[in-house]
Amino acid sequence: MTTATGSAVTIAELDAAVGRAADALARLQQPDGHWVFELEADATIPAEYILLRHFLGEPDDLDLEARIGRYLRRIQGDHDGWALFHGGAFDISATVKAYFALKMIGDAVDAPHMARARAAILAHGGAAAVNVFTRIQLALFAAGPWQTVPTMPPELILAPRWFPVHLSKMAYWARTVIVPLLVLAALRPVAKNPRGIKVDELYLPRATVKPKSNVAGAKAFWKAAFGALDVVLKAGDGLWPKRLRARAIDRCRSFVIERLNGNDGLGAIYPAMANSVMMFDALGDPEHRDIARAAVEKLIVRREDGEIYCQPCFSPVWDTALAAHAMLEVRSPAAEAAADAGLDWLIPRQVLDVKGDWAENAPDLRPGGWAFQYNNAHYPDLDDTAAVVCALDRARGRVGARYDEAIARGTEWTVGLQSKDGGWGAFDADNSYHYLNNIPFADHGALLDPPTADVSARCVSMLAQLGEPVGSARMAAALAYLRKEQEADGSWFGRWGVNYIYGTWSALCALNAAGLTGADPAVRRGADWLIAVQNPDGGWGEGCDSYALDRTGHVPADSRASQTAWALLGLMAAGEAEYPAVARGVAWLAANQSDDGVWPEEDYTGGGFPRVFYLRYHGYAKIFPLWALARYRNLRASNSVHVAHGL
119 MTTATGSAVT IAELDAAVGR AADALARLQQ PDGHWVFELE ADATIPAEYI
169 LLRHFLGEPD DLDLEARIGR YLRRIQGDHD GWALFHGGAF DISATVKAYF
219 ALKMIGDAVD APHMARARAA ILAHGGAAAV NVFTRIQLAL FAAGPWQTVP
269 TMPPELILAP RWFPVHLSKM AYWARTVIVP LLVLAALRPV AKNPRGIKVD
319 ELYLPRATVK PKSNVAGAKA FWKAAFGALD VVLKAGDGLW PKRLRARAID
369 RCRSFVIERL NGNDGLGAIY PAMANSVMMF DALGDPEHRD IARAAVEKLI
419 VRREDGEIYC QPCFSPVWDT ALAAHAMLEV RSPAAEAAAD AGLDWLIPRQ
469 VLDVKGDWAE NAPDLRPGGW AFQYNNAHYP DLDDTAAVVC ALDRARGRVG
519 ARYDEAIARG TEWTVGLQSK DGGWGAFDAD NSYHYLNNIP FADHGALLDP
569 PTADVSARCV SMLAQLGEPV GSARMAAALA YLRKEQEADG SWFGRWGVNY
619 IYGTWSALCA LNAAGLTGAD PAVRRGADWL IAVQNPDGGW GEGCDSYALD
669 RTGHVPADSR ASQTAWALLG LMAAGEAEYP AVARGVAWLA ANQSDDGVWP
719 EEDYTGGGFP RVFYLRYHGY AKIFPLWALA RYRNLRASNS VHVAHGL
């Protein structure tokens, strides 16, 4: 084994790298046993946070605004605007929001960074070219016309389930974001905006540019039909019976209150939380407005360098499950004790008493999943649940039966939400109403939660690790789904991580857990693809541009720690631990570890919504490289190439 520079890496050096990384991860564990890392998105969330404060007319906090302003200015791109991820292309919607927020903070419009941003916005069509959610934000400040916002009447929440456009047919995140927006669009409140800031200078005199669509496979028929419906709804917007409208708004309010999560907020995700704050304010409900507002404030990150930004949500369950897997792979008493503390923290966070929105498709299924956040009982997810169950099961040999009930309930819930095509979505079964992505409101292309290869692979890994027979009906259907989803080049699409490297790691782990070896064509092709896209320096990298609508596949990028680790874990799952590509990848990780035991990584390797919203998981470069190095060391020590775990 050699480093990227050609020097040999000894077993002692590998042990030292694992030890430093494990010590670093242990130092970051919270006193109660869990891990939680910063979860950073793009400029839109901190910009929207500034606008939310001014929508409500809150007292000035000039120090906070100055620090958020420093953050926004620092991440302005060389293209003079703001991107959706580190080093990404200009994005018109993110740039308009960032500009608006900076102007609200007090940045002069003729300041160099503002002048450059304004010129870039106008060159890309002006504020008229932004997406639907940005148009709504502008309209709430009377800084843009409501007429350009597709009409979604609040009466939608009263529609029967068979109705083609129904909230239960949308993904959880869309549901929680849209319901308060239905009220806001009906009431059309105007922001208090005490400084009276507008952005008229961002509009072209005669704007003819249409916002771009992020929808894959848009159908002309559905686009025309929904476009015509929007025209009809706009024409009849003032004709709804007052009693019916009042009933619809009350139903929306009740929907939000039921899912408010106390101080964790609606859906525990920023856009839904902020929309609920504005909705309650517009409804004159200060009690619930203040509860929802407190949840938003918890998302503020105050950095040691003085900058401040707002996270989109917290990820403690996901972070803790992944960190526990890495620590269990280390196999030292201290690492196992840290993992056990994390797993013990996870146990009481299993949702056992709330039938969330997922029950629409599985009314007789008992709850049993884990949510991504600290508290989001209505919306546990299958990815987290599978990762937690795999970790609990892996620790079972040492801790006895104390995790048995949690594992059983988590497995029951996961099995009950398998979709008809054999795969799993993240939050719901059979959420595959693809025609809905053609409604004008869904220009982001992220309205649905259909089965995906990465989540399905995690569920297969869990079931196989627990001993599910390959020949069982549900396992056979799941494996058939994964085979069907394999791309022509041998990779798998990664919905929740960037991108094909993430999806291929996930799928190869699942196939290995199900007992398929490198002799299987799907495994062989997946491993060969990973080897083919390895960078010359030994690492792996992939850009967020690989989510382009044309689905042309992997977009090479400089080597990154988390993506290198995924590729290594995938190749080891495929039985390739002794392959030279693995040794070179391990050497890259060893050569690029910082003195403090972690790996630097500014790049966004997490997925939120392809082409719309990406995430930088600050924990990924602290967890996955440790996991990969420890696994490689363990396989070498055992003189085996077989990975015995689902993940």
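Numbering (my numbering), first residue to last: 119 to 765.
Beta carbons are placed, not taken as given, at the ideal position from N, Cα and C, and that holds for glycine.
Predicted model only: the values in this text are computed from it and were never measured.
By the C-beta density criterion, residue 487 is buried, having at least 16 other C-beta atoms within 10 angstroms. For residue 764, no beta strand (DSSP E) encloses it, and the DSSP letter there is neither H nor E. Between residue 297 and residue 374, the C-beta spacing is below 8 Å. A residue is called buried when at least 16 other Cβ atoms come within 10 angstroms of its Cβ; residue 617 meets this threshold and is buried. Sequence-distant Cβ neighbours of residue 720 in its own chain, meaning closer than 7 Å and more than five residues away, are 204.
Counting along the chain, residue 428 sits inside the beta strand (DSSP E) bounded by residues 426 to 428. Here DSSP, grouped into helix, strand and coil, assigns residue 674 to strand. Rounded to whole angstroms, the separation of the alpha carbons of residue 421 and residue 155 is 13 Å. DSSP, read as helix, strand or coil, puts residue 432 in coil. Residue state for residue 265 is assigned as helix, using DSSP reduced to three classes. Relative to residue 388, the option among 371, 415, 398 whose CA is nearest is 415.
A straight line joining the alpha-carbon of residue 507 with that of residue 577 spans about 10 Å.
Residue 750: member of the alpha helix (DSSP H) spanning 738 to 756, first to last residue. Comparing alpha carbon positions, the residue from 496, 663, 692, 594 closest to residue 540 is 594. The residues 217, 227, 319, 320, in chain order, have a CB closer than 8 Å to that of residue 236 in the same chain once the five nearest residues on each side in sequence are set aside. Residue 256 and residue 245 do touch by the CB rule: their CB atoms are close to 7 Å apart, below 8 Å. When secondary structure is reduced to three states using DSSP, residue 487 falls in the coil class, being assigned neither helix nor strand. Collapsing the DSSP output to three states places residue 583 in a helix.
The beta-bridge partner set that DSSP reports for residue 420 consists of 426. For residue 735, the uninterrupted beta strand (DSSP E) segment begins and ends at 731 to 735.
Using a Cβ distance threshold of 8 Å, residue 760 and residue 512 do not count as a contacting pair. When only Cα atoms are considered, residue 254 and residue 704 end up about 48 Å apart.
With a cutoff of 8 Å on beta-carbon distance, residue 524 and residue 583 are scored as not near each other. The shortest C-alpha to C-alpha distance from residue 322 to any of 262, 276, 295 is the one to 262. Taking all protein chains in view, the Cβ of residue 482 is surrounded by fewer than 16 other Cβ atoms within 10 Å, so the residue is classified as exposed. The beta carbon of residue 445 is closer than 6 Å to those of 453, 456, 457 in its chain, skipping five residues each way along the sequence. Around the Cβ of residue 229, a 10 Å sphere holds fewer than 16 other Cβ atoms; the residue is exposed. By the criterion of at least three beta-carbon pairs nearer than 8 Å, the segment 206 to 224 is in contact with the segment 185 to 192. Sorting 532, 585, 555 by C-alpha distance to the C-alpha of residue 573 places 532 at the top. Taking the C-beta atoms as reference points, residue 301 is found nearer than 8 Å to residue 367.
Taking a cut-off of 8 Å on C-beta distances, the segment 641 to 653 touches the segment 621 to 628, as three or more cross pairs fall below it.
DSSP, reduced to helix, strand and coil, places residue 446 within a helical segment of the structure shown. Between residue 443 and residue 509 a beta carbon distance of about 5 Å is seen, short of the 8 Å cut, so the two are scored as contacting.
Taking each of 167, 730, 423, 633 in turn and checking the Cα distance to residue 667, the smallest one comes out for 730. When rounded, the separation of the alpha-carbon atoms in residue 310 and residue 411 is 16 Å.
Taking C-beta atoms as the reference points, residue 480 and residue 413 fail to come closer than 8 Å.
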